[in-house]
């Protein structure tokens, strides 16, 4: 067999590997990701045919790829945006993005499903996410839920309204030179939301420069006008609010959006502060949509 014929046959094998048994993209995705070399394709195809396996199963059995590589390729096939650990320049706490098949991410999907049924189903678009104290995980919960809703294909905006101890710009590795505080103080001509590269339908409005008067800024008519404008452009808006033990900022936000999801943490949260938070939310006329216990 001459070299030109051999090359032609190898090309046919590679092409077949991309299309056999409906595995239209798996081989190409793994090769494009640098997980498979062209010479690996023939080995995978032979094993696939001999043992009637899926392409990914055969590559995994040969030890050419890992389970994480397969899951990453599948996420591309099904247009389910995720990030591998190697790609992630995001916070490791962003479980929904970096470990989407973990038990933690699955538990958060349950929260997402309940919110869809209990809050967003009736045409509501905006929800506050907060906690009693700073170490109970409200920012973690808000960020992960934003990713999970974006993975559904919803157009999502995450607003960091915790202008005292902002975290979302760090979680998503975004600049925070201008944000919510500048908008409310009318120091910028327009709202500057920041796209999250890995998730095409997710944007973040960072907290901006720390102001001396966050409660007063949130009480301005500008805040209500801002949310009304944003609600016309997004399917879901999640607002990360400052802890109730730190400030009263959350009350202004809860009153405007009508509902708040409370983050609690196992072995950290205490009953008395949570009861006080629930009472304060009710005083604003808003609903406690639910409470999530984080480990």
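Residue numbers (our numbering): 911 to 1205.
Note that CB positions come from ideal geometry on N, CA and C, so glycine has one too.
query, result
"Backbone secondary structure at residue 996 - three-state DSSP", "With a pLDDT of 48 at residue 996, under the threshold of 50, the predicted position of this residue should be treated as unreliable, though the coordinate-derived value follows. In this structure, residue 996 counts as coil in the three-state DSSP scheme."
"Nearest-angstrom beta carbon gap, residue 1191 and residue 1069 [assumed within contact, 8 Å]", "Contact flag wrong, Cβ pair sits at about 18 Å."
"Distance between residue 1086 and residue 1059 (C-alpha atoms, nearest Å)", "23 Å"
"At least 3 beta-carbon pairs within less than 8 Å: the region 1173-1192 vs the region 1093-1102", "no"
"Straight-line Cα distance separating residue 1094 from residue 1133", "6 Å"
"Counterpart residues of residue 902 in DSSP-defined beta bridges", "The chain is shown from 911 up to 1205; residue 902 falls before or after that span and cannot be answered."
"Reference residue 1049; option with closest CA among 1023, 1034, 1114, 1107", "1114"
"The region 1126-1145 touching the region 1007-1015, judged by at least three CB pairs closer than 8 Å", "no"
"Residue 1193 burial status per 10 Å Cβ neighbour count (16 or more: buried)", "exposed"
"Sequence-distant residues of its chain with Cβ nearer than 8 Å to residue 975 (five each side left out)", "940, 945, 946, 966, 969"
"N-terminal and C-terminal residue of the beta strand (DSSP E) that residue 1104 is part of", "1104-1106"
"Neighbourhood of residue 1195 by C-beta distance below 8 Å, restricted to the same chain and skipping five residues each side", "1165, 1168"
"Coarse secondary structure for residue 1132, derived from DSSP in three states", "helix"
"Expected contact under 8 Å - CB spacing of residue 1051 and residue 1091 to nearest Å", "Rounded, the Cβ-Cβ distance is 22 Å, inconsistent with contact."
"Per DSSP, the bridge partner or partners of residue 1038", "1149, 1170"
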